Structure formats: structure tokens, C-alpha cells
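Residue numbers (this note's numbering): 5 to 426. One structure is given below, encoded as C-alpha cells.
Structural data, given as C-alpha cells:
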């Protein structure tokens, strides 16, 4: 006698005829369908179907007895308990990293195998998990289904809106146990911890500069490739980073949302406000190890150090003159082009540089904001005050290399050298 085998909820059932088996299989298939008006998803088992249907109902009947977070299924709640207990029972047999969930371990192991089995059917980008691919595909669809109920900002992922909402509550749940700095995201804390370790494991294969993060290395490599894939939709200026074009666009909008609480000066970037605060505190944390001159910014120190090592990395392609600063080269090139794009709105005098025009306008306003603290003489420009202070200090820092005569001002030395050239 021929026996037909079926199964129901992982239980093997035997049938003596084919037709009862067919009916049984049809019943199981119906049980595995969601059956709601929302979707026709097919699940492996009836238990899975029942759990899935609670997603549409909005019910979350299982609550964590520690933090009261609610869950659709008891299994999800049990796995969540590992977060509180600290247990990470699933360990990778390659690198020994541990995980709360078996699914997280499986996803992690794909890193070692190099497999990325899921491909986006629009751009062919490949992913390690199906969920990552589905999240990515929202970029192409333009869907941002999760909205903040405070400011209505929308997001592609539920996790992103939950993290964003911490900005409104002010909660910063993750703290560094070394410096006590706090963070909204656990990921941000992990990135921060690399600072304390001093590790910079990612090196550029062109200039050997090292980075703490792989993402930062990738952004840096765009400098060498010359790629500037992000363009301003107003002036078509291009940038190597998306964050740079976003910051740049504030110039066109006129927004300066960050205000100094001391002098009320406003800034388009939070980082510029932080630097500006150092003016009020007097801090100049970066010092040259050769001449001890101090600077507010690390970037300014690096540019200054080129004076000592004789580097002038920016060369004019017209006259081969070199400059320590890229902005100095750009200003110089205007001399060759003859462009003077900045005009005084009082006397219409034109200038090749905006700072020159702004200094000139002090003549019309009558302002002399820079005062000598010895004799109270006032000046239009900070540079003129610095030169004047040399009179009181008795310093003559500029020496003629022919007769060794010294001068207060560089311009005086240049005039003097004409005597020798004559």
C-alpha cells in the first residue's frame, strides 16, 4: 500500500490516498496566507500567520518587565531581554564577536565570507541582508514613511525617527566611561571610543594619511580622484562631500542659525560658532613648536608651519609664484585676470578681495575699532595696529641681508633695498 506523507505545524501526518493529502495541503496554504486587506504575505506556519496579523492590528501584547517596551511576539520580547541581562549568547567562530540575536550573528558572518547575496534591481548595489536591500530601495522610491510627531521631519527607517526624537527629548543615553561625554546613538559612542584608543587603522594608499573611520578614508580619497559629485543647484559649484554642499547652500539662503551668546554674531555653521567662542575665551590651543606662535584652529597652525619648512604648495600657473594658502593663490590670480569683483557701495572703488573692500569701507564709516593699549591711538585695520605696536616694543624684526640694517616694517625694508639695487 502506498502511503502519502504531509505535515502540519511541524507534525508528520500520514495519508493513504492522494486526494486527502491534496485537501490538507490546500488548507495549510490558506492558513499560511495573511488574509488581511493589507497584504497577501505567505508565512511558513499558521503560528507565524497569527503573529504576523498582529502587525496589522497594531497590538503589541508582550511587555518587557524592565523597561515596559512592547512587542508583537513573545519571542521578540525574550530576545529583547538579552539587552538588559547583558547576555550575548551567539559568538562568531572567526573573530569571537558576540551578539544578542542569532540573526545578527548570521548577518555578521557574511562579512567574513564576503557574500552580498541581495542586489538592488534598480542600481545593482549589493547587500548582505534582504532588510538592508529593502531599506536601500526606499531611496529610489522616494518613500520616507516615518515622520517625527514633533517637527514632522520624515525618515526612511523607523530606527532613524526614534533616534531623531531624542533630539527633542534631550536624552543622551550612551556615555563614554573615560571622559563622560554623552551621545544619542550607540554607534556615535563606538566611533568616539576610537579617539581614546589612538587607533587609525585606515590608511590612504596615495598619501599614507591615516584615519579612524573607513568612511572618512573614502571621503578623503575623493580629493585624489578629483571627483566632486555634489553640485549646488543654485550656482553649480561642486563639492566632494554632501555635507559641504549643504553647508554651502546656507550662503544662498542667507540663514545664519547659530548665534554667539556673548556678542550676538551669527554663523551659518555650528563649527564656526565654536571657533568664534575661542575669541572671547582667549584660548589658542594650537602652538607652533618652532616659534611658539599660537592659533585658534589646527588648520591655521598647519598652514603657518609651511612658512618654516619653506613649502608653498599652491603655485600660480601664470607666474609660478607660490603661496602657503589656497585662498591667497585665488586672490593673486585675480591680478592676472584683472578682475575686481568687489565694489564699495559708497565710492564705487573696486577690489579683487572682499576683505580689502570691507577694510576700505571703514574709511567712509569713520570707524577705527583697533586701539593701542599703550597710547590709545586708533586704527582702521588690525594689521596697522600690529605694526604700530612695534614702536612701543622697540622690535625691528626686518633686517637687510646686505647691510644688516633693521626696520619696524617689511615695507620699510623693501624701500631700503632699492638703495642697494641702485
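Built from N, CA and C at the ideal position, the CB exists for glycine as well. All figures in this text were calculated on a predicted structure; none of them were measured in a lab.
Cβ-Cβ separation, residue j to residue i (assumed contact under 8 Å), whole Å
i: residue 270; j: residue 278; result: Their Cβ separation, rounded to whole angstroms, is 14 Å, which puts residue 270 and residue 278 out of contact at 8 Å.
i: residue 358; j: residue 346; result: 5 Å
i: residue 234; j: residue 246; result: 5 Å
i: residue 96; j: residue 112; result: 6 Å
i: residue 292; j: residue 305; result: 6 Å
Rounded separation between residue i and residue j - CA only
i: residue 349; j: residue 362; result: 11 Å
i: residue 407; j: residue 420; result: 10 Å
i: residue 423; j: residue 294; result: 33 Å
i: residue 73; j: residue 80; result: 11 Å
i: residue 327; j: residue 299; result: 19 Å
i: residue 413; j: residue 386; result: 14 Å
i: residue 352; j: residue 131; result: 60 Å
i: residue 417; j: residue 360; result: 23 Å
i: residue 184; j: residue 174; result: 16 Å
i: residue 190; j: residue 71; result: 18 Å
i: residue 63; j: residue 77; result: 10 Å
i: residue 257; j: residue 354; result: 26 Å
i: residue 381; j: residue 263; result: 31 Å
i: residue 153; j: residue 248; result: 29 Å
i: residue 322; j: residue 335; result: 13 Å
i: residue 186; j: residue 87; result: 19 Å
i: residue 401; j: residue 410; result: 7 Å
i: residue 177; j: residue 303; result: 33 Å
i: residue 365; j: residue 267; result: 22 Å
i: residue 124; j: residue 145; result: 12 Å
i: residue 90; j: residue 68; result: 15 Å
i: residue 394; j: residue 379; result: 13 Å
i: residue 94; j: residue 170; result: 30 Å
i: residue 325; j: residue 310; result: 15 Å
i: residue 65; j: residue 108; result: 24 Å
Candidates the options, of which the one nearest residue i by Cα
i: residue 198; options: 212, 218 and 210; result: 218
i: residue 201; options: 215, 295 and 253; result: 215
i: residue 253; options: 403, 104, 343 and 239; result: 239
i: residue 165; options: 151, 173 and 175; result: 151
i: residue 179; options: 167, 194 and 394; result: 194
i: residue 207; options: 225, 245, 192 and 191; result: 225
i: residue 110; options: 317, 418 and 134; result: 134
i: residue 126; options: 137, 132, 117 and 118; result: 137
i: residue 405; options: 397, 393 and 425; result: 425
i: residue 106; options: 82, 342, 373 and 222; result: 82
i: residue 230; options: 265, 243 and 236; result: 243
i: residue 210; options: 204, 228, 203 and 196; result: 228
i: residue 376; options: 396, 192 and 66; result: 396
i: residue 181; options: 196, 232 and 172; result: 196
Beta-carbon proximity of residue i to residue j, cut-off 8 Å
i: residue 120; j: residue 142; result: no
i: residue 320; j: residue 333; result: yes
i: residue 139; j: residue 148; result: no
i: residue 188; j: residue 220; result: no
i: residue 384; j: residue 367; result: yes
i: residue 92; j: residue 75; result: no
i: residue 290; j: residue 307; result: no
i: residue 255; j: residue 275; result: no
Short CB-CB distance (under 8 Å) between residue i and chain B
i: residue 232; result: In summary, chain B is missing from the structure at hand, where a single protein chain is found.
Next on the checklist: Which runs of the alpha helix (DSSP H) at least 4 residues long sit entirely within the segment 346-424? Give them in chain order.
Outcome noted: Runs of the alpha helix (DSSP H) inside the segment 346-424: 358-369 and 386-397.
Next on the checklist: Extract the residue ranges of the beta strand (DSSP E) inside the segment 101-157, only unbroken runs of 3 or more that lie entirely within it.
Outcome noted: none
Next on the checklist: Going residue by residue through the segment 242-272, where are the continuous alpha helix (DSSP H) segments of at least 4 residues, counting only ones entirely within it?
Outcome noted: 246-257
Checklist entry - Along the chain, which unbroken stretches of the alpha helix (DSSP H) at least 4 residues long are found entirely within the segment 179-240? => result 190-201 and 218-229
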